[in-house]
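Peer 1:
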Amino acid sequence: MNFLKSGIQSVLGSQQANQAPSGAETVELLVERVTSSTLLDDRRDACRALKALSKKYRIEVGIGMSAMLQVLEQDRSDCEIIGYCLDTLCHVTTPEQFEEEQDNPNVTANIGEQFTEIFIKKPDNVCLVLGCLEEYDFRVRWAAIKLLTNLLANRPKDIQEIVLVSPMGVSKMMDLLIDSREVIRNDALLLMIQLTKGNGNIQKIVAFENAFDRLLDVITEEGCSDGGIVVEDCLILMLNLLKNNPSNQQFFKEGSYIQRLAPMLELPPEQDQTGMSPQKVSNLHCMLQVVRALVSPSNPQQVIGSCQKAIRSSGLLAAICNIIMASGVPPDLLIETINTIAEVIRGDGQNQDYFNSVVAPCDTPLSAIVLLLMSMVNEKQPLPLRCAVLYCFQSYLYRNEGGQSSLVKTLLQSSDQTTTITSGQLLCRNLFSTDPLSNWFSSVSLSHALLDNPTQKEQLLRVVLATSHNSKPVSLLEQCNQLLQQANCKFQSKVGLLMLLSVWLADCQLAVRTFLTIPGTIAYLTGQISANEHGDNEYLVQGLCAFLMGLCIQFNDNSVQEHQREFLCQLLIKRIGLDTYNKKLGEVSKHENYSKSAKQPQIRIAATTDLLLDYEFCRLFKSLESTITKTVNGFSAGGANIAELTLSQEASGLVSQYKDIIREQDARLQALQQQLAQSEGRVNELAQALELSRTSNAQLQDQNILLKAQLQAGGPLGITTDRHQSSQASSPLHIVATAQDTPPADPGRVEALESRLSMLTFEQQTDRAKLSYYEAENTRLLGELDQLRSRVTKAEAHANQSDSKLEQVRHDQEDLLELLTDQENKLQRYRMELKRLTGKSFDDEDDDDDDVGDAVGEPKKKNSSSEQSHQNGTEPPRTSLDSSSNPTASGGEFVC
74 MNFLKSGIQS VLGSQQANQA PSGAETVELL VERVTSSTLL DDRRDACRAL
124 KALSKKYRIE VGIGMSAMLQ VLEQDRSDCE IIGYCLDTLC HVTTPEQFEE
174 EQDNPNVTAN IGEQFTEIFI KKPDNVCLVL GCLEEYDFRV RWAAIKLLTN
224 LLANRPKDIQ EIVLVSPMGV SKMMDLLIDS REVIRNDALL LMIQLTKGNG
274 NIQKIVAFEN AFDRLLDVIT EEGCSDGGIV VEDCLILMLN LLKNNPSNQQ
324 FFKEGSYIQR LAPMLELPPE QDQTGMSPQK VSNLHCMLQV VRALVSPSNP
374 QQVIGSCQKA IRSSGLLAAI CNIIMASGVP PDLLIETINT IAEVIRGDGQ
424 NQDYFNSVVA PCDTPLSAIV LLLMSMVNEK QPLPLRCAVL YCFQSYLYRN
474 EGGQSSLVKT LLQSSDQTTT ITSGQLLCRN LFSTDPLSNW FSSVSLSHAL
524 LDNPTQKEQL LRVVLATSHN SKPVSLLEQC NQLLQQANCK FQSKVGLLML
574 LSVWLADCQL AVRTFLTIPG TIAYLTGQIS ANEHGDNEYL VQGLCAFLMG
624 LCIQFNDNSV QEHQREFLCQ LLIKRIGLDT YNKKLGEVSK HENYSKSAKQ
674 PQIRIAATTD LLLDYEFCRL FKSLESTITK TVNGFSAGGA NIAELTLSQE
724 ASGLVSQYKD IIREQDARLQ ALQQQLAQSE GRVNELAQAL ELSRTSNAQL
774 QDQNILLKAQ LQAGGPLGIT TDRHQSSQAS SPLHIVATAQ DTPPADPGRV
824 EALESRLSML TFEQQTDRAK LSYYEAENTR LLGELDQLRS RVTKAEAHAN
874 QSDSKLEQVR HDQEDLLELL TDQENKLQRY RMELKRLTGK SFDDEDDDDD
924 DVGDAVGEPK KKNSSSEQSH QNGTEPPRTS LDSSSNPTAS GGEFVC
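Take the position in the sequence shown, starting the count at 1, then add 73; the result is the number in our numbering.
1. What's the gap between the Cα of Ser479 and the Cα of Gln381?
2. Do Gly616 and Leu658 have their C-beta atoms within less than 7 angstroms of each other?
3. Considering only C-alpha positions, which residue in the set Gln467, Thr189, Thr269 is nearest to Thr161?
4. Below 7 angstroms between beta carbons: does that hold for Asn471 and Arg535?
5. Can you give me the Cβ contacts of Ala217 inside the same chain, cut-off strictly under 7 angstroms, excluding the 5 residues immediately before and after it?
6. Using a Cβ-Cβ cut-off of 7 angstroms (strictly less than) and excluding sequence neighbours within five positions of Gly273, which residues of its own chain qualify?
7. Please report the distance separating the alpha-carbon of Leu890 from that of Leu550.
8. Would Val443 pass as a contact of Ser496 if the rule is Cβ separation under 7 angstroms?
9. Taking 7 angstroms as the limit between beta carbons, can you name the residues of its chain near Lys642, skipping five residues before and five after?
10. Do you know how far the Cα of Leu749 is from the Cα of Ala868?
11. Under the three-state reduction of DSSP, which class applies to Leu1058: helix, strand or coil?
12. Just the Cα atoms here: how many angstroms apart are Leu854 and Val756?
13. Looking at C-beta atoms only, is the number of pairs between the region 408-425 and the region 370-390 that lie closer than 8 angstroms three or more?
14. Tell me which same chain residues have a C-beta within less than 8 angstroms of the C-beta of Val614, skipping the five on either side of it?
15. Are the Cβ atoms of Met622 and Leu644 separated by less than 7 angstroms?
16. Where Ser468 and Leu289 are concerned, what is the direct C-alpha to C-alpha distance, given to the nearest angstrom?
17. Rounded C-beta distance between Leu340 and Ile396? I'm assuming under 8 angstroms.
18. Given this structure, state the Cα-to-Cα distance separating Ile193 from Pro229, to the nearest angstrom.
19. In angstroms with no decimal places, state the Cα-to-Cα distance between Leu112 and Asn313.
20. Exposed or buried, what is Phe835 when buried is set at 16 or more other beta-carbons lying within 10 Å of its beta-carbon?
21. What is the residue span of the alpha helix (DSSP H) that Phe514 lies within?
22. Spatial neighbours of His871 within its chain, please: CB distance less than 7 angstroms, with the 5 preceding and 5 following residues excluded, ordered by chain position.
23. Give me, in chain order, the residues of the same chain whose beta-carbon lies closer than 8 angstroms to that of Arg121; leave out the 5 immediate sequence neighbours on both sides.
24. Taking 8 angstroms as the cut-off, does the region 682-701 touch the region 660-672 (at least 3 CB pairs, one atom from each stretch)?
25. Sorted by chain position, which residues of the same chain lie with C-beta nearer than 8 angstroms to Asn424's C-beta, five sequence neighbours on each side aside?
26. Could you tell me which whole alpha helix (DSSP H) segments of length 4 or greater appear in the region 520-598?
27. Helix, strand or coil for Leu439, going by three-state DSSP, please let me know.
28. So which of Leu367, Lys129, Thr347, Gln486 has the shortest CA-CA distance to Met311?
29. Closest to Ile701 by C-alpha separation, out of Gln374, Val882, Lys647, Asp580, would be which residue?
30. Measuring alpha carbon to alpha carbon, tell me which residue in Leu102, Arg149, Ile132 is nearest Thr167.
31. With distance defined between alpha-carbon atoms, name the residue in Pro373, Lys878, Arg909, Val354 nearest to Ala316.
32. Identify which residue in Asp286, Glu294, Phe285, Asn283 has its Cα closest to the Cα of Glu255.
33. Quick check on DSSP: helix, strand or coil for Ala680?
34. Taking DSSP as the reference, what is the three-state secondary structure of Ala383?
35. By how many angstroms is the C-alpha of Gly301 removed from the C-alpha of His358?
36. Quick check: what's the CA-CA separation for Asn666 versus Ile676?
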């Protein structure tokens with residue numbers, strides 16, 4: 074203190090005898106009094122005075138912080154002095170600036186953080202404050218909560234680590250939530266919110282300290298969504314515990330806490346929500362965020378699935394759907410509700426079916442999906458709402474083959490077949506509207522109906538549009554291509570259409586074949602890829618066109634004669650160049666919007682211009698980019714690849730024939746296998762009928778023997794002819810012996826028995842005939858079965874033979890390529906050797922020979938390789954391409 078006093082005197086100058094002490098000197102005297110006084114009252118008075126001066130003289134009081142810590146350690150029994158010390162430390166470490174110190178130039182903006190760093194250099198200081206939380210006295214507990222909140226605000230990571238290693242540190246804070254005093258409980262909520270941010274270990278400890286039960290109890294006591302700011306604080310703390318924490322998410326689901334959330338999201342039925350208070354809107358918004366934390370796409374799939382099931386069974390999904398159907402819901406709340414529904418139904422078939430069944434309460438019944446799509450394509454709706462609807466519709470179609478099929482079916486229906494507008498017609502209509510955003514939204518929505526579903530890609534090819542009264546209808550694919558090539562097509566519309574076409578053509582050879590038959594398609598793509606426009610937008614369009622061109626090569630079945638894979642690769646290499654193509658294709662992944670769109674399925678944008686790429690398209694591009702690059706790079710500009718292209722042209726017919734044969738054999742093999750399965754089923758049925766006939770025959774034989782015995786013995790009246798009872802007789806001899814002891818039977822009875830015997834004998838003969846028929850039929854079917862098995866074996870052997878022939882053709886093709894390469898290399902070496910020895914090239918030597926022949930009057934000798942090959946009936950090897958030749962003008966043939 075003497076050093077501090079001398080330092081202050083050196084700055085302020087020495088005081089006169091009658092001059093009052095300055096504030097800094099007063100603080101110094103008070104600090105010295107706290108550390109040196111032996112009476113508790115003196116120390117208490119000094120701490121009270123320091124508390125009063127701590128706002129104006131924060132630096133001076135903070136320098137004497139050690140005196141406050143000494144009191145916290147030694148005077149724990151006096152709650153008043155402890156409260157004064159904690160309040161003083163709160164003032165010193167607060168992150169805000171007080172009014173009293175605004176004119177002080179020595180006080181910086183981060184002065185509270187600096188004193189916090191000094192305070193936590195000794196972790197035991199934080200433990201002292203945590204120990205004060207156990208004191209029930211209001212002044213001590215409340216001040217300790219505020220001090221810990223300041224420390225967490227200034228140095229959150231350090232305080233979290235100290236609390237983790239402190240014995241029962243988290244438990245002491247959790248006990249504050251059950252304090253009967255609302256001020257303590259509310260400030261404890263703020264403290265726990267700061268403590269649980271970004272620390273998974275603390276989040277797990279807090280959750281297993283029964284936090285969810287306590288928070289939900291507080292929310293219920295405060296009136297659920299109609300409550301005040303305390304409800305919002307509880308939900309924010311709950312959100313901290315659940316977000317990005319799978320352990321707590323699973324614990325929340327297994328603890329049946331989802332069922333307790335459902336009543337909190339229920340709105341009064343048939344009531345306008347226009348007058349909803351801002352605090353209720355905030356509470357509902359936080360509740361929806363809690364639900365989204367359970368089903369976020371970033372969570373583990375098993376956690377998402379179990380939470381989605383619980384949300385559906387608890388009625389929470391129905392309550393959320395009722396919010397979007399209610400009238401007067403504020404836009405922000407409506408957007409968050411739609412995003413919540415999107416993640417609740419994403420990938421869950423039953424939730425998707427339930428959402429599809431929701432009908433809007435309007436005069437003309439409309440499904441909720443159609444109503445939302447109307448908002449998405451409406452230019453007057455706010456952009457965040459339109460993006461939320463798109464995210465919801467994408468989630469509805471995600472892994473939902475039934476939903477994708479239903480959407481495509483609505484496109485195949487004519488407008489006069491339906492009285493109300495359907496989702497497919499709505500999207501198709503706005504796909505060609507004048508609004509670029511509507512074009513983009515519709516294109517992306519339709520593309521999600523085709524993801525991982527080749528069947529719907531082929532079905533969508535059947536969609537035909539009526540353009541005008543006199544013009545003939547055109548297909549949807551052709552109309553998209555025409556709109557793409559229009560000069561007035563906007564940038565966003567062009568990007569949306571290119572993404573739709575790329576998803577459509579990927580993994581669908583029939584779509585590629587149809588696309589290539591449209592006139593001008595390849596010319597347009599080639600022109601776009603080779604364009605010289607600069608700028609991020611132009612580069613993106615060129616890259617998307619390069620990707621579409623690559624799909625036409627990758628999934629080309631060579632059925633379009635003028636646009637086979639080899640021709641397209643040759644065209645790409647000659648007119649664009651391999652390096653240029655690879656560069657343009659890589660521009661897509663280099664675009665700034667690509668990295669943003671590929672992070673998460675939900676669309677998060679700041680402006681309309683940010684709507685460019687879609688999440689699922691980015692995934693498709695990432696999975697196919699390397700494959701396309703590898704395929705295209707396989708066709709280089711060298712002679713070997715040119716020879717390969719030429720040979721492929723000659724052998725393509727043969728390869729196609731073998732492919733057709735293999736397809737036919739596969740179809741026949743499947744048909745034979747089906748016949749075999751049917752025959753085996755009939756054999757099993759006949760075997761069962763045969764066994765039943767044998768059993769019936771045995772029973773009839775037993776009855777026949779029994780009736781004969783009765784007839785021979787005179788037939789007692791008391792003996793029945795029931796099959797069941799006759800089968801239980803021990804033996805015919807026993808019955809005969811019993812009959813001999815009885816009196817003679819009536820002659821009428823004997824006649825009845827004889828007729829019964831005759832009838833049974835006839836039935837036995839009939840059953841024997843049936844048995845013979847079944848045995849013969851069984852033998853015939855077994856023979857047919859053996860024949861079918863032999864035919865299946867032959868078909869499989871023939872298919873294997875065809876495969877071996879195809880492999881042999883490919884092997885011969887590779888050998889021929891090697892020979893052509895060796896011949897070209899030898900020819901090049903001979904030319905170089907000739908030039909080195911004679912100083913003339915091969916062409917010069919031919920000219921000289923021609924001149925000599927003319928001089929002596931002899932005809933020219935046919936010594937060129939081409940003429941020799943013509944005499945031998947063979948064509949010369951084609952070694953290089955003429956750089957000036959046009960493949961389209963020459964019919965695609967190579968020029969030597």
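Here a beta-carbon is modelled for each residue, glycine too, at the ideal position from N, C-alpha and C.
Peer 2: The structure says:
1. On the sequence shown, residue 479 is found 406 positions in, with the first residue counted as 1. On the sequence shown, residue 381 is found 308 positions in, with the first residue counted as 1. C-alpha separation (whole angstroms): 23 angstroms.
2. Working through the sequence shown from its first residue, we reach residue 616 at position 543. Working through the sequence shown from its first residue, we reach residue 658 at position 585. A contact, by the Cβ cut-off of 7 angstroms.
3. Along the sequence shown, one-based indexing puts residue 161 at 88. For the residues Gln467, Thr189, Thr269, the minimum Cα distance to Thr161 belongs to Thr189.
4. As a position in the sequence shown, residue 471 is number 398, starting the count at 1. As a position in the sequence shown, residue 535 is number 462, starting the count at 1. It should be pointed out that residue 471 corresponds to Tyr in this sequence rather than to Asn. Against a cut-off of 7 angstroms, the Cβ pair of Arg535 and Tyr471 comes out as no contact.
5. For the purposes of this step, residue 217 is taken as residue 144 along the sequence shown, with counting starting at 1. Within the same chain, Ala217 has close Cβ partners Leu159, Val202, Cys205, Leu206.
6. One-based indexing of the sequence shown puts residue 273 at position 200. Contacts found: Asn318.
7. Start at 1 with the first residue of the sequence shown, and residue 890 comes out as number 817. Start at 1 with the first residue of the sequence shown, and residue 550 comes out as number 477. Approximately 39 angstroms, taken between the alpha carbons.
8. Locating residue 443 in the sequence shown gives position 370, counting from the first residue. Locating residue 496 in the sequence shown gives position 423, counting from the first residue. It is a contact, given that the beta carbons lie within the stated cut-off.
9. Working through the sequence shown from its first residue, we reach residue 642 at position 569. The sequence given here has Cys at residue 642, not Lys. So the qualifying residues of the chain are Ile626, Val705, Phe708.
10. As a working note, residue 868 is residue 795 in the sequence shown. As a working note, residue 749 is residue 676 in the sequence shown. If you take the alpha carbons of Ala868 and Leu749, they lie about 14 angstroms apart.
11. Here the chain covers residues 74 to 969 and nothing more, so residue 1058 does not appear.
12. As a first step, residue 854 must be located in the sequence shown, where it is residue number 781. As a first step, residue 756 must be located in the sequence shown, where it is residue number 683. Spanning the two alpha carbons is a distance of roughly 7 angstroms.
13. The region 408-425, when compared against the region 370-390, does touch it at the 8 angstroms Cβ threshold.
14. For the purposes of this step, residue 614 is taken as residue 541 along the sequence shown, with counting starting at 1. Excluding residues within five positions, the ones whose Cβ falls inside 8 angstroms are Phe564, Lys567, Val568, Leu571, Gln601.
15. The sequence position of residue 622 within the sequence shown is 549, counting from 1. The sequence position of residue 644 within the sequence shown is 571, counting from 1. Result no, Cβ atoms of Met622 and Leu644 do not sit closer than 7 angstroms.
16. Here residue 468 is taken as the residue at index 395 of the sequence shown, counted from 1. Here residue 289 is taken as the residue at index 216 of the sequence shown, counted from 1. C-alpha separation (whole angstroms): 30 angstroms.
17. Within the sequence shown, residue 340 is the residue found at index 267, counting from 1. Within the sequence shown, residue 396 is the residue found at index 323, counting from 1. So it is a contact: roughly 6 angstroms between Cβ atoms.
18. For the purposes of this step, residue 193 is identified with residue 120 of the sequence shown, where counting begins at 1. For the purposes of this step, residue 229 is identified with residue 156 of the sequence shown, where counting begins at 1. For Ile193 and Pro229, the distance between alpha carbons rounds to 11 angstroms.
19. For the purposes of this step, residue 112 is taken as residue 39 along the sequence shown, with counting starting at 1. For the purposes of this step, residue 313 is taken as residue 240 along the sequence shown, with counting starting at 1. C-alpha separation (whole angstroms): 47 angstroms.
20. The residue labelled residue 835 in the question sits at position 762 within the sequence shown. Result: exposed.
21. Taking the sequence shown and counting its residues from 1, one reaches residue 514 at position 441. Start and end: 509-521.
22. Looking up residue 871 in the sequence shown gives position 798. Excluding residues within five positions, the ones whose Cβ falls inside 7 angstroms are Gln738.
23. As a working note, residue 121 is residue 48 in the sequence shown. Excluding positions up to five away in sequence, the list reads Tyr157.
24. yes
25. Working through the sequence shown from its first residue, we reach residue 424 at position 351. Answer for Asn424: Gln381, Ile384, Arg385, Leu390, Val417, Ile418, listed in chain order.
26. 527-533, 549-558, 564-578, 582-589
27. In the sequence shown, counting from the first residue as 1, residue 439 sits at position 366. Here Leu439 sits in strand by DSSP.
28. Looking up residue 311 in the sequence shown gives position 238. The residue with the shortest Cα to Cα distance from Met311 is Leu367.
29. One-based indexing of the sequence shown puts residue 701 at position 628. When each option's Cα is compared against that of Ile701, the closest is Asp580.
30. The sequence position of residue 167 within the sequence shown is 94, counting from 1. For the residues Leu102, Arg149, Ile132, the minimum Cα distance to Thr167 belongs to Ile132.
31. Along the sequence shown, read from residue 1 onward, the residue named residue 316 stands at position 243. One point to set straight first is that residue 316 is Lys, not Ala, in the sequence displayed. Closest option to Lys316, Cα to Cα, is Pro373.
32. Here the question's residue 255 lines up with position 182 in the sequence shown. Of the candidates Asp286, Glu294, Phe285, Asn283, the one whose C-alpha sits nearest the C-alpha of Glu255 is Glu294.
33. Looking up residue 680 in the sequence shown gives position 607. Coil.
34. Against the sequence shown, residue 383 aligns to sequence position 310. If DSSP states are grouped into helix, strand and coil, Ala383 belongs with the helices.
35. For the purposes of this step, residue 358 is taken as the residue at position 285 of the sequence shown. For the purposes of this step, residue 301 is taken as the residue at position 228 of the sequence shown. Straight-line measurement puts the Cα of Gly301 at about 13 angstroms from the Cα of His358.
36. Within the sequence shown, numbered from 1, the residue matching residue 666 stands at position 593. Within the sequence shown, numbered from 1, the residue matching residue 676 stands at position 603. Approximately 11 angstroms between the Cα atoms of the pair.
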